[in-house]
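Q:
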Amino acid sequence: MGLNINLIDQLTFYGSYHSNKWNQLIHFFFVPLIFWTTLVWLAYTPEAFQYDVAGHLPSGTPEYARYNGAYFMVLGYSLYYILLEWFAGLTWALFMGVPLWVSSVAFQQLVPHAWAWAIGLHIFAWFMQVFPGHAWIEGRKPALLDSLFQSLMLAPLFVWFELLFLLGYRPELHQQITSRIREILAARQSQQEPLLRSTK
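Be aware that the sequence shown starts at 525, since it is given in the working numbering, and climbs by one per residue.
(1) Report the option in Ala640, Tyr595, Ser543 whose CA atom is closest to the CA atom of Arg706.
(2) Mind checking Glu609: buried by the 16 CB within 10 Å criterion, or exposed?
(3) Going by DSSP, name the residue or residues bridged to Phe573.
(4) Skipping 5 residues on each side, what residues in its chain have a beta carbon closer than 6 Å to that of Ala617?
(5) Can you find at least 3 beta carbon pairs, one from the stretch 543–562 and one from the stretch 645–658, that sit closer than 8 Å?
(6) The alpha helix (DSSP H) spanning Leu678 covers which residue range?
(7) Buried or exposed for Asn530, going by 16 or more other Cβ atoms inside 10 Å?
(8) For Tyr595 versus Trp625, is the C-beta distance shorter than 8 Å?
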């Protein structure tokens, strides 16, 4: 199945699992942490090519702009987000993607056993999202249990859109997505879906 580039469909899907503001706040901090720790692991991969970016990044950071697996992960996410919505995708790439990429490489190079620190932080971030976020606050299973690919791809963009909406970006889009999420939640309310649904 190909990538779904319908922005409203994608944000509605993810948002229907994250309608509680406190759960959204938890994800606001821990989704980037999960993304960043993954980049730390990918920073151990060899560079695919070299390119001098000294004139494009702040002083002291170009040495950590390595074109390894971390770079390609950020590039892939950025391109997909730009396809979904150019402004949100471009600003995510500039203000989240690039800083997370460069800082992950710096962490991998400067911190002994960076991979081990990343494992600990990664597990902690997932714990905070699944248990306080979904089991206790949202009362609904994580989206990844229904669509792993969509969840992993959409989480950083959903968090970024929540910030953009808070700043007043595209209020009509925000209202449209919110209305669709409410319809989905109303349809599910009578089912009282548990955190982990039986597969029988």
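Ideal Cβ positions, reconstructed from N, Cα and C, are used throughout, including at glycine.
A: Based on what the coordinates show:
(1) Checking every option, the nearest Cα to that of Arg706 belongs to Ser543.
(2) Result: buried.
(3) Tyr591.
(4) Within the same chain, Ala617 has close Cβ partners Ser602.
(5) Proximity of the stretch 543–562 to the stretch 645–658 meets the contact definition, three or more beta-carbon pairs being nearer than 8 Å.
(6) Note, Leu678: alpha helix (DSSP H), 672–690.
(7) With fewer than 16 other Cβ atoms from the protein chains shown falling within 10 Å of its own Cβ, Asn530 counts as exposed.
(8) Yes; because the gap between Cβ atoms is below 8 Å, this pair is in contact.
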